[in-house]
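Asker:
In the working numbering, the protein residues as written are 15 to 304.
#1: Going by beta carbon distance, what residues of the same chain come within less than 6 Å of residue 175, once the five residues before and after it are set aside?
#2: With DSSP as the reference, label residue 221 as helix, strand or coil.
#3: Assuming residue 164 and residue 124 are in contact, meaning their beta carbons sit under 8 Å apart, how far apart are those beta carbons, in whole angstroms?
#4: Between the C-alpha atoms of residue 88 and residue 25, what's the straight-line distance to the nearest angstrom?
#5: Should the stretch 25–38 be regarded as contacting the stretch 150–162, the criterion being three or more beta carbon pairs within less than 8 Å?
#6: Figure out for me which residue from 109, 112, 127 has the closest Cα to the Cα of residue 98.
#7: Please determine if the stretch 195–204 and the stretch 104–117 are in contact, where contact requires at least 3 C-beta pairs separated by less than 8 Å.
#8: Measure the C-alpha to C-alpha separation of residue 292 and residue 80 and round it to an integer number of angstroms.
#9: Let me check one thing: in DSSP terms, what residues is residue 70 bridge-paired to?
#10: Hey, how far is the Cα of residue 216 from the Cα of residue 102?
#11: Near residue 294, which residues of its chain fall below 7 Å by C-beta distance, leaving aside the five closest residues on each side in sequence?
#12: Do residue 108 and residue 82 count as a contact pair if the criterion is CB distance below 8 Å?
#13: Report buried or exposed for residue 204, applying the criterion of at least 16 other Cβ atoms within 10 angstroms of its Cβ.
#14: Decide if residue 15 is buried, meaning its Cβ has at least 16 other Cβ atoms within 10 Å, or exposed.
#15: Which runs of the beta strand (DSSP E), 3 residues or longer, sit entirely within the stretch 57–115?
#16: With 16 other CB atoms within 10 Å as the buried threshold, where does residue 255 fall?
#17: If you pair each beta-carbon of the stretch 41–59 with each one of the stretch 179–186, do three or more pairs fall below 8 Å?
#18: Are the beta-carbon atoms belonging to residue 228 and residue 264 less than 8 Å from one another?
#19: Less than 8 Å between the C-beta atoms of residue 61 and residue 23, yes or no?
#20: Within 10 angstroms of the Cβ of residue 300, are there 16 or more other Cβ atoms? Answer buried if so, exposed if not.
#21: Note down the Cα distance separating residue 287 from residue 233, rounded to an integer number of angstroms.
#22: With a CB to CB cut of under 7 Å and the five nearest residues on each side skipped, what residues in its chain are close to residue 171?
#23: Bridge partners of residue 140, per DSSP?
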């Protein structure tokens with residue numbers, strides 16, 4: 015029987031992203047022992063009960079030195095403190111990756127907190143989230159056929175990048191690479207802005223006196239558009255703050271688009287509305303077939 019490539023993995027945050035990573039590597043025969051750290055003892059106990067973790071870690075210094083890979087799958091605002099905790103204890107051959115939805119801030123925190131060991135950190139973003147969270151949401155096949163974006167730093171060795179790439183590929187992911195800045199600009203447009211808009215619509219209705227009446231008639235269109243508003247408020251608060259400059263740019267673009275729609279409606283310009291809707295429909299249809 016082939017020995018697992020990652021004999022010991024450390025997971026900070028054994029929820030959807032971290033738990034699925036551990037389960038996927040186990041399923042692929044790539045993981046040996048899995049040790050978890052986190053803020054919630056209940057989540058860690060549940061992760062152990064579900065077979066995601068072998069042990070719940072109690073001492074970072076005693077665990078990370080002989081780990082093969084460390085995954086930081088917490089909200090991005092918590093990552094700097096975790097870098098500080100692990101930095102003095104990382105073994106020479108330990109690689110570190112993350113599951114954060116923003117990259118420029120995480121890279122900056124890693125350089126500041128990991129110091130001379132920053133070369134061992136290869137930033138990543140698995141594009142496989144869901145509105146559900148916690149250990150019970152973890153799935154061994156979450157990453158099958160899904161994209162994972164690596165944003166390697168100049169400090170990284172080719173070997174470190176290759177090992178992190180291998181870990182994500184063994185989870186079933188299709189791995190690509192962007193720079194941290196490219197990543198944050200892209201995801202401000204196609205992920206962070208949609209979440210902001212979804213939260214905004216539900217928040218608007220939630221403040222109305224007749225919200226129960228409105229929601230009683232909401233159907234599939236509303237459900238599809240607002241599904242992501244059921245995501246973790248803490249996580250998306252952190253993402254919006256971390257990527258606020260790129261997100262502000264995208265929000266301004268969207269407000270300009272709303273202005274065009276407002277003008278078309280105010281002037282009863284049916285042709286303009288159909289022109290906008292037709293282009294949007296065509297692009298959406300082509301994208302959905304990819």
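Beta carbons: idealized from backbone N, C-alpha and C, even for Gly.
Answerer: On the basis of the coordinates in this document:
#1: By the criterion of a C-beta distance shorter than 6 Å, residue 175 is surrounded in its chain by 136, 166, once the five residues flanking it on both sides are discounted.
#2: coil
#3: Not a contact, Cβ separation roughly 14 Å.
#4: Looking at the two C-alpha atoms, the distance is approximately 9 Å.
#5: yes
#6: Checking every option, the nearest Cα to that of residue 98 belongs to 127.
#7: Yes: at least three Cβ pairs fall under 8 Å.
#8: Per the coordinates, the alpha-carbon of residue 292 lies some 57 Å from the alpha-carbon of residue 80.
#9: 50
#10: Roughly 45 Å separates the two Cα atoms.
#11: none
#12: yes
#13: exposed
#14: Unreliable placement is indicated for residue 15, whose pLDDT of 45 sits below 50; the coordinate value is still reported in the next sentence. So residue 15 ends up on the exposed side.
#15: 83–86, 109–112
#16: exposed
#17: With a cut-off of 8 Å, the stretch 179–186 and the stretch 41–59 count as touching, because enough Cβ pairs lie within range.
#18: no
#19: no
#20: With fewer than 16 other Cβ atoms within 10 Å, it is exposed.
#21: 23 Å
#22: 133
#23: 162
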